[in-house]
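**Q** For reference, the structure I am asking about is given below.
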Amino acid sequence: MTPRPSRAVCPGSYDPVTAGHLDVVERAAALHDEVVVALLHNPAKAGTFTVDERLGFVERAVAALGLSDRVRVEAFAGRLLVDVCRDVGATVVVKGLRGSTDFEYELPMAFMNRHLTGIETVFVPGDPALGHVSSSLVKEVARYGGDVTDLVPDDVRDALVARLRAGG
Ligand code: PNS
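Numbering-wise, our numbering puts 4 at position 4 of the sequence shown, and it's gapless, one number per residue.
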């Protein structure tokens, strides 16, 4: 009998995707046959980028990593992560940890998700060189004219400059 492929979910709002997110997606893809990058968003909340823009950024970045055959990107509006995992047939959530603050934030969510459906969360230590990288900090730096090259893909950097310069 052929074993079922292992499928993991990497959840986030990806507004926008950063080098830190992509580091975690690569690590998840090294550990699992298939990865679903689940872009979870609240339809009542406007982000910096539209869901379609965010999806495009992640899809192009995944293609640039040569992972498009095993990593797919999907958006989900107003859904619980555990329901998304069930719908896509994933048995594990993969999250990156930049440090102890992330762990403190993530642990109650991992407990809650396991309480809800039994799904496990696997934490992977992120690249320490990217420990300072988050979507919100990247946006702040870009907003005030700082250089975010190497922290986000080039198309995201260009879009951030255009969007935030326009007052977004
Ligand atoms: O990139 P973010 O903003 O840190 O991602 C947070 C996200 C989307 C992963 C988290 O808010 C989430 O899982 N939202 C889905 C709603 C849900 O399941 N909430 C209960 C989690 S205990």
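Beta carbons: idealized from backbone N, C-alpha and C, even for Gly.
Less than 8 Å between C-beta atoms, sequence neighbours within five positions excluded: which residues of the same chain meet that for T121?
**A** The residues are V92, V93, V94, K95, E106, M109, A110, N113, R114.
**Q** Nearest CA to the CA of L81: which residue from L137, P3, I119?
**A** If we check each option's Cα against that of L81, I119 comes out closest.
**Q** Taking the Cβ atom as the reference point for each residue, do V71 and V17 lie within a distance shorter than 7 Å?
**A** It is not a contact, given that the beta carbons lie outside the stated cut-off.
**Q** With H, G and I counted as helix, E and B as strand and the rest as coil, what does DSSP make of V173?
**A** The structure shown has nothing for residue 173, since the chain only spans 1 to 168.
**Q** Below 7 Å between beta carbons: does that hold for A240 and V9?
**A** Any property of residue 240 remains undetermined from this structure, which presents the chain solely from 1 to 168.
**Q** According to DSSP, is P108 helix, strand or coil?
**A** DSSP places P108 in helix when its eight states are reduced to three.
**Q** Would the beta-carbon of S100 be found less than 6 Å away from any heavy atom of the ligand PNS?
**A** Answer for S100: no, Cβ out of range of the ligand PNS.
**Q** Could you spell out the range, first to last residue, of the alpha helix (DSSP H) harbouring F57?
**A** Element bounds for F57: 51-64.
**Q** Can you tell me whether A63 is buried or exposed? The criterion is at least 16 other CB atoms within 10 Å of its CB, across all chains shown.
**A** So A63 counts as exposed.
**Q** Specify which residues have a beta carbon nearer than 5 Å to any heavy atom of the ligand PNS, listing them in chain order.
**A** With the cut-off at 5 Å, the residues found are P11, G12, S13, L40, L80, L81, M109, M112.
**Q** Where does G20 fall in DSSP's three states?
**A** Helix, per DSSP.
**Q** Which term fits D15, buried or exposed, when burial requires 16 or more other beta carbons within 10 angstroms of its beta carbon?
**A** With 16 or more Cβ atoms within 10 Å of its Cβ, D15 is classed as buried.
**Q** Determine the DSSP secondary structure at V82, reduced to helix, strand or coil.
**A** Helix at V82.
**Q** Starting from L39 and walking both ways along the beta strand (DSSP E), at which residues does that stretch end?
**A** Looking at the DSSP string, the run of the beta strand (DSSP E) that includes L39 is 34-41.
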